[in-house]
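See structure below.
2 protein chains.
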Amino acid sequence: MPEPRIDDVAAAAGVHRSTVSRAFSKPEAVRPETREHVLKVAAELGYSMSPLAQALRRRVSNLVPLIVPDITNPFFAELAHTTAAAARRQGYQLILCLTDGDQSLTSKYLDSVHSMYSPFGIIAPSTPVDLESLRRDAFDNRVVVIDRVNSDYSVPTVTVDSAHGIDLAFEHLSSLGHTEIAYAPGIVGTNTAYDRRKAYQRAASMRDVKPQVLGSTHTADIGSEVVDDWLDSAQRPTAVIASNDAIAFAVIAEFSTRNIRVPEDVSVVGFDGLDLGAHFNPRLTSVKQPIEAMGEISIQLGEKLMNGETAEHIMLEPTLLVRSSTGEVTS
Amino acid sequence: MPEPRIDDVAAAAGVHRSTVSRAFSKPEAVRPETREHVLKVAAELGYSMSPLAQALRRRVSNLVPLIVPDITNPFFAELAHTTAAAARRQGYQLILCLTDGDQSLTSKYLDSVHSMYSPFGIIAPSTPVDLESLRRDAFDNRVVVIDRVNSDYSVPTVTVDSAHGIDLAFEHLSSLGHTEIAYAPGIVGTNTAYDRRKAYQRAASMRDVKPQVLGSTHTADIGSEVVDDWLDSAQRPTAVIASNDAIAFAVIAEFSTRNIRVPEDVSVVGFDGLDLGAHFNPRLTSVKQPIEAMGEISIQLGEKLMNGETAEHIMLEPTLLVRSSTGEVTS
DNA sequence: TCCTCAAATGCAACCGATCTCACAATCGAT
DNA sequence: ATCGATTGTGAGATCGGTTGCATTTGAGGA
Numbered sequence: 005m006p007e008p009r010i011d012d013v014a015a016a017a018g019v020h021r022s023t024v025s026r027a028f029s030k031p032e033a034v035r036p037e038t039r040e041h042v043l044k045v046a047a048e049l050g051y052s053m054s055p056l057a058q059a060l061r062r063r064v065s066n067l068v069p070l071i072v073p074d075i076t077n078p079f080f081a082e083l084a085h086t087t088a089a090a091a092r093r094q095g096y097q098l099i100l101c102l103t104d105g106d107q108s109l110t111s112k113y114l115d116s117v118h119s120m121y122s123p124f125g126i127i128a129p130s131t132p133v134d135l136e137s138l139r140r141d142a143f144d145n146r147v148v149v150i151d152r153v154n155s156d157y158s159v160p161t162v163t164v165d166s167a168h169g170i171d172l173a174f175e176h177l178s179s180l181g182h183t184e185i186a187y188a189p190g191i192v193g194t195n196t197a198y199d200r201r202k203a204y205q206r207a208a209s210m211r212d213v214k215p216q217v218l219g220s221t222h223t224a225d226i227g228s229e230v231v232d233d234w235l236d237s238a239q240r241p242t243a244v245i246a247s248n249d250a251i252a253f254a255v256i257a258e259f260s261t262r263n264i265r266v267p268e269d270v271s272v273v274g275f276d277g278l279d280l281g282a283h284f285n286p287r288l289t290s291v292k293q294p295i296e297a298m299g300e301i302s303i304q305l306g307e308k309l310m311n312g313e314t315a316e317h318i319m320l321e322p323t324l325l326v327r328s329s330t331g332e333v334t335s
Numbered sequence: 005m006p007e008p009r010i011d012d013v014a015a016a017a018g019v020h021r022s023t024v025s026r027a028f029s030k031p032e033a034v035r036p037e038t039r040e041h042v043l044k045v046a047a048e049l050g051y052s053m054s055p056l057a058q059a060l061r062r063r064v065s066n067l068v069p070l071i072v073p074d075i076t077n078p079f080f081a082e083l084a085h086t087t088a089a090a091a092r093r094q095g096y097q098l099i100l101c102l103t104d105g106d107q108s109l110t111s112k113y114l115d116s117v118h119s120m121y122s123p124f125g126i127i128a129p130s131t132p133v134d135l136e137s138l139r140r141d142a143f144d145n146r147v148v149v150i151d152r153v154n155s156d157y158s159v160p161t162v163t164v165d166s167a168h169g170i171d172l173a174f175e176h177l178s179s180l181g182h183t184e185i186a187y188a189p190g191i192v193g194t195n196t197a198y199d200r201r202k203a204y205q206r207a208a209s210m211r212d213v214k215p216q217v218l219g220s221t222h223t224a225d226i227g228s229e230v231v232d233d234w235l236d237s238a239q240r241p242t243a244v245i246a247s248n249d250a251i252a253f254a255v256i257a258e259f260s261t262r263n264i265r266v267p268e269d270v271s272v273v274g275f276d277g278l279d280l281g282a283h284f285n286p287r288l289t290s291v292k293q294p295i296e297a298m299g300e301i302s303i304q305l306g307e308k309l310m311n312g313e314t315a316e317h318i319m320l321e322p323t324l325l326v327r328s329s330t331g332e333v334t335s
């Protein structure tokens with residue numbers, strides 16, 4: 005048997021199409037008894053509305069795109085995870101769009117979902133978003149960006165307070181006696197990468213620590229670059245703050261490969277606070293981003309956007325997750 | 005300006021709607037000159053077809069669901085990555101559906117995408133799929149399963165040869181002098197978990213190794229269970245094969261926490277061959293699943309399915325990725 | 001009992017495309 | 001020149017709902 009359509013339900017319930025439609029999508033517009041009857045008949049027939057047809061007529065769908073550069077990066081995986089959950093809770097279906105770092109794909113995806121009448125979209129960029137093109141491309145600006153945005157305050161954003169995060173890391177390391185604290189930057193380009201690095205510089209000078217940035221050329225193997233620089237350093241840092249957990253993993257792996265022990269010889273703290281870090285060796289101390297909140301809030305901002313409210317800029321506070329990759333300085 | 009519709013293009017080009025439609029979706033049915041003219045006019049207007057309207061009328065969309073239990077598990081992340089790429093290449097838009105281990109969500113998702121006229125769906129289950137319900141639920145059986153299927157050969161599947169994978173691990177460990185080789189199973193339930201464990205038992209007995217399965221109660225912390233069992237073992241295994249990389253990570257982290265060194269005190273080999281393992285400490289030796297091929301082939305099987313071809317069962321061969329978590333036995 | 005007005009329902013156009021069928025133009029063959 | 005077979009285009013129903021407007025229903029008041 006084919007799927008029942010709205011007319012089948014209408015016939016079976018002895019009412020008109022439009023009444024069935026209202027029974028589902030505008031409950032207050034129909035008499036309670038009628039509504040119940042229609043719903044019962046519909047249930048008996050195993051009827052459910054076609055989201056496609058709805059979207060076509062209403063010009064609004066429940067498909068919300070989340071655009072991320074790389075799902076293979078556990079940070080984005082966790083973000084996708086929490087955002088999908090938040091989306092589902094609100095009745096949206098999250099569409100995960102993977103750009104693989106290809107800028108042009110972003111606007112392509114945006115076009116594509118726009119033509120599916122998405123109510124809004126969420127972008128977690130790897131490189132600065134070209135907002136000019138976003139706006140023009142589509143979507144009437146109904147885009148939420150996870151990360152700061154340079155030039156344009158009309159786009160709502162959710163970010164994490166990098167400066168505070170870095171401060172937490174410094175504080176922790178200082179309390180363990182570290183005074184030579186270096187920084188391992190990630191891929192440049194994003195605002196967060198920039199913010200964190202900046203925050204490192206500031207925090208270092210505030211504490212009379214000589215800023216040392218390790219491995220800035222960014223070839224394929226970040227880990228060995230960082231460790232090379234560390235070894236070459238006149239005054240070897242006793243601690244390294246990585247700009248994110250993935251970098252921290254790579255750095256620790258490389259230290260270990262060269263028989264430099266973490267945290268005995270050098271402490272490492274990450275930035276992300278991924279669950280995965282709890283099963284790393286050693287278990288990774290890290291600045292924890294409130295990823296769950298980020299997902300939740302992105303959806304909320306999106307909904308405000310579609311209600312025509314003005315752009316908000318939410319900044320979330322990170323916390324410190326102390327595990328085993330940091331220890332007292334021994335010298 | 006509102007988005008142009010097909011009638012706008014038709015008017016501007018001086019032809020009928022249907023001709024425009026054909027110019028796009030059935031090129032051979034329209035005179036070349038007409039076609040070119042229509043396409044040019046459409047381009048000038050910045051016109052593109054509404055996928056929603058298309059899907060509604062054709063009763064086929066380009067939305068392909070990939071249902072996975074947990075994107076936070078890097079295996080599924082890599083799978084999603086490659087499958088999304090393969091899907092895009094064929095003009096599909098992958099919809100990632102996260103079940104979080106909630107069985108009932110699977111059929112919900114299936115219903116949902118079915119009503120969006122998905123041509124087929126892909127399921128990478130964490131627990132055995134209830135095919136009865138899948139079939140009945142929706143989709144006319146147009147589902148590809150990544151993992152074996154027990155009861156039903158009418159569903160196409162793509163699997164990896166677990167037995168061979170385990171053999172590779174054994175071979176490698178044997179060549180390093182290991183004779184006490186234990187196994188750390190993952191979450192039970194999936195066929196792959198079952199297959200791998202079975203394969204371990206068989207491979208062990210074939211090589212006169214006493215099978216030792218570590219940590220089978222499966223509380224929250226698998227790592228410490230495994231290590232507890234390892235410590236309690238009368239004859240401590242010199243090597244552990246983990247049923248997947250995530251388990252291997254957890255086990256190594258726990259070994260290390262208790263000051264047991266990998267690979268000096270015990271070798272560990274994983275199963276998945278994730279890129280992430282290359283940045284683990286120590287870099288993880290692992291049986292590598294051909295994840296890229298799995299994604300690609302799932303899409304292909306799906307396409308065959310929608311063309312009415314009969315179900316195929318593809319089995320892929322794993323390879324061994326030798327890194328640094330295994331070493332010669334020292335006793 | 002009749003009238004009024006609001007609430008509930010029916011009617012029919014519409015969202016943006018596809019597709020079957022009918023019709024016109026073109027062509028080769030007789 | 002006539003005719004049947006192709007080929008290309010137009011007409012209009014259709015996919016499965018939504019929605020503004022018209023109409024019916026029913027409660028309350030005179």
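Line by line, the protein sequences give chains A and B. Residues in the first sequence are numbered from 5 upward in steps of one, following the numbering used here. Residues in the second sequence are numbered from 5 upward in steps of one, following the numbering used here. Quick reminder that beta carbons are idealized off the backbone N, C-alpha and C, glycines included.
The segment 240 to 254 of chain A makes contact with the segment 182 to 196 of chain A; the number of CB pairs closer than 8 angstroms reaches 3 or more. Counted as a single uninterrupted DSSP element, the alpha helix (DSSP H) harbouring B:V42 occupies residues 36 to 49.
Looking at A:V19, A:G50, A:N145, A:M53, the one whose alpha-carbon comes closest to that of A:E37 is A:V19. Among the bridge pairs identified by DSSP, A:F275 is matched with A:V291.
Segment contact: the segment 60 to 69 of chain B against the segment 275 to 291 of chain B, fewer than three CB-CB distances shorter than 8 angstroms; contact not assigned.
At a cut-off of 8 angstroms between beta-carbon atoms, B:E82 makes contact with chain A. At a C-beta separation below 8 angstroms, A:G227 has these neighbours in chain B: H283. Taking a C-beta cut-off of 7 angstroms against chain B, the contacting residues of the segment 58 to 90 of chain A are A59, L60, I75, T76, P78, A81, E82, A84, H85, A88, listed in chain order.
In this structure, B:S119 sits away from A:P6, with a CB-CB distance that is not shorter than 8 angstroms. Checking the DSSP bridge columns, you'll see B:T194 partnered with B:V192.
Note on B:T334: under 16 other CB atoms within 10 angstroms of its CB, so exposed under the neighbour-count rule. Counting only runs that start and end inside the segment 146 to 234 of chain B, the alpha helix (DSSP H) elements of at least 4 residues fall at 166 to 179, 195 to 210. Taking 8 angstroms as the upper bound for CB-CB distance, A:I295 and A:V272 are not in contact here, some 21 angstroms apart. At least one beta carbon of chain B lies nearer than 8 angstroms to the beta carbon of A:L100. For A:T86, the three-state secondary structure derived from DSSP is helix.
Interface annotation for the segment 28 to 60 of chain B against chain A: S52, M53, S54, P55, L56, A57, A59, L60, criterion Cβ-Cβ distance under 9 angstroms. For B:A243, there is no enclosing alpha helix (DSSP H); the enclosing beta strand (DSSP E) covers residues 243 to 246. Residue pairing by DSSP places B:L100 opposite B:L70 in a beta bridge. Bridge pairing for A:H118: absent [DSSP].
Measuring C-alpha to C-alpha distances from B:L177 to each of B:A254, B:H41, B:G331, B:A15 identifies B:G331 as the nearest.
By the rule that beta-carbons nearer than 8 angstroms mark a contact, A:I256 touches chain B. Here the alpha carbon of B:P215 sits roughly 23 angstroms from the alpha carbon of B:V326. The beta carbon of A:N77 lies closer than 8 angstroms to those of A250 in the same chain, with the five residues before and after it left out. Here DSSP, grouped into helix, strand and coil, assigns B:I318 to strand. Residues of chain A whose Cβ lies closer than 8 angstroms to the Cβ of B:Y121 are, in chain order, L56. If you check each beta-carbon in the segment 233 to 258 of chain A against every beta-carbon of chain B, the ones closer than 7 angstroms belong to F253, A254, I256, A257. Contacts with chain A at 8 angstroms (Cβ-Cβ) do not include B:S130.
B:L70 places its beta carbon 8 angstroms or farther from that of B:I10. Note: A:L60 is not bridge-paired with any residue in the DSSP secondary-structure output. In chain order, A59, R63, V64, S65 place their CB closer than 6 angstroms to the CB of A:Y121, counting only its own chain and leaving out the 5 sequence neighbours on each side.
If the five residues before and after B:V34 are omitted, its C-beta is found closer than 7 angstroms to the C-beta atoms of T23, R26, A27, all from its own chain and listed in chain order. With its beta carbon at least 8 angstroms from every one in chain B, A:D276 lies outside the interface. For A:P286, the closest Cβ of chain B is nearer than 8 angstroms.
The C-alpha of A:Q205 lies about 58 angstroms from the C-alpha of B:N145. Around the beta carbon of A:S329, 16 or more other beta carbons lie within 10 angstroms, which makes this residue buried. Excluding five sequence positions before and after B:E300, the CB atoms of its chain that fall closer than 6 angstroms to its own CB belong to A90, given in chain order.
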